[in-house]
Amino acid sequence: MANHRSILANNKDPATILRKLVQGEEGRAWADEREKGWTSKSNTPVCEWDGIGCDTEGETVISIQLNETDFFGTLPTELALLSTISTIDIRKNLLQGTIPSEISFMQNLQIVSLKQNRLEGTIPRFLSKKLEKLDISYNQLSGEIPPDFGEGCLKLKHLDLRRNELTGFLPYGLEDLPNLRTISLSENHLHGTLPEYLSSMKSLQFLYLNDNALVGTIPEGFGKVGNSENLSPVSLREVWLENNYLSGSIPVSLSESTELVDFFVDG
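As structure tokens, then:
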């Protein structure tokens with residue numbers, strides 16, 4: 005963390021930091037088209053900029069919502085200085101570069117949606133205990149998912165990393181997340197076996213692991229996920245495991261998943 009602080013600039017002016025997202029001629033052209041803020045020539049208060057949300061006092065930046073705006077830019081390390089931000093939603097744009105580890109240290113993040121961009125590099129381990137949704141699907145991320153990925157994010161409900169170039173095993177850090185409803189890691193290059201903890205995740209409803217290189221059998225008791233010892237029982241609704249290298253038989257316990265609508269294991 006000390007290194008994290010030293011990397012970042014001393015200038016904590018929100019306008020200066022937010023403008024660092026805009027990069028290149030395409031980015032500057034995008035900024036010029038905004039009605040409020042984003043260009044260095046604008047005197048519009050940050051809380052009135054297009055796509056920027058602030059608290060009720062209109063003083064502190066708490067969200068960046070630029071989804072589907074043809075935004076062209078990068079994620080600067082300085083963004084972590086805006087530590088009050090709870091939502092970063094820049095999905096379906098032209099975001100390039102990497103995800104700086106400094107951003108993963110932001111403690112107030114609740115929603116991070118960066119899907120369908122051009123992000124590269126490895127995926128950092130997000131540390132916010134308030135994180136509920138993390139969607140970085142449809143990018144060009146590579147390397148192994150950190151083994152402890154997700155550990156401590158007890159409020160996480162939705163994890164979507166599908167269609168990247170990720171390798172390694174399914175992270176053990178997901179095991180003790182009591183509220184996780186969706187795990188989507190399909191269309192990557194994950195290998196190894198299906199971990200036993202998938203049979204004990206009581207909130208899990210949607211599991212997408214198709215189109216990887218997983219081997220071994222489907223754990224016994226798999227169909228009991230979400231049914232026992234839960235005050236508000238939920239059952240698996242969709243399980244996609246096709247296009248892997250799984251073997252063995254389908255657990256009889258899957259018949260106990262009364263809400264199961266889709267189960268694909270062919271291929």
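Counting from 5, one number per residue, gives the positions in the sequence shown under this note's numbering. Backbone N, C-alpha and C fix where the C-beta goes; we use that ideal spot for every residue, glycine too. If you're wondering where the values come from, they're calculated on a predicted model, not measured in any experiment.
Sheet register partners of residue i (DSSP bridge)
i, result
"V219", "T197 and Y249"
"Y212", "S188 and W244"
"K137", "I115 and H162"
"T91", "S67 and I115"
"E169", "S146"
"G57", "S67"
C-beta contact flag for residue i and residue j at 8 Å
i, j, result
"L145", "E106", "no"
"I273", "G55", "Past the boundaries of the shown model lies residue 273; the chain is included only from 5 to 271, so the question cannot be answered."
"S251", "G225", "no"
"I115", "E136", "yes"
"K16", "L85", "yes"
"L184", "L160", "yes"
"F173", "L194", "yes"
"V265", "I254", "no"
"I92", "F75", "no"
Pairwise C-alpha distance: residue j and residue i
i, j, result
"L240", "V219", "21 Å"
"W53", "S46", "10 Å"
"L1", "F109", "Beyond the ends of the chain as shown, which are 5 and 271, falls residue 1; an answer cannot be given."
"K40", "T64", "17 Å"
"E200", "P223", "6 Å"
"I11", "C58", "Any reading at I11 must be qualified, since the residue scores a pLDDT of 40, below 50, and its modelled position is unreliable; no value is offered."
"N247", "G154", "25 Å"
"W42", "E242", "42 Å"
"E72", "T197", "37 Å"
"T81", "Y176", "28 Å"
"A33", "V26", "9 Å"
"R167", "N192", "6 Å"
"T186", "H162", "5 Å"
"S261", "P18", "49 Å"
"V50", "L245", "46 Å"
Cβ separation of residue i and residue j, assumed to be a contact under 8 Å, to the nearest whole Å
i, j, result
"D139", "L118", "7 Å"
"L123", "N97", "Not really, about 10 Å apart at Cβ, beyond 8 Å."
"G77", "T102", "Wrong, their Cβ atoms sit about 13 Å apart, outside the cutoff."
"L113", "S141", "About 17 Å; that fails the 8 Å criterion."
Residue i beta carbon near the ligand ATP (any heavy atom closer than 7 Å)
i, result
"K96", "With respect to the ligand ATP, the structure shown offers nothing to examine, as it has no ligands at all."
Delimiting residues of the beta strand (DSSP E) encompassing residue i
i, result
"I21", "From DSSP, I21 is part of no beta strand (DSSP E) but of the alpha helix (DSSP H) over P18 to R23."
"Q100", "L98 to G101"
N-terminal and C-terminal residue of the alpha helix (DSSP H) that residue i is part of
i, result
"F36", "The question names Phe, but residue 36 in the sequence shown is Asp. Here the alpha helix (DSSP H) through D36 covers G28 to E37."
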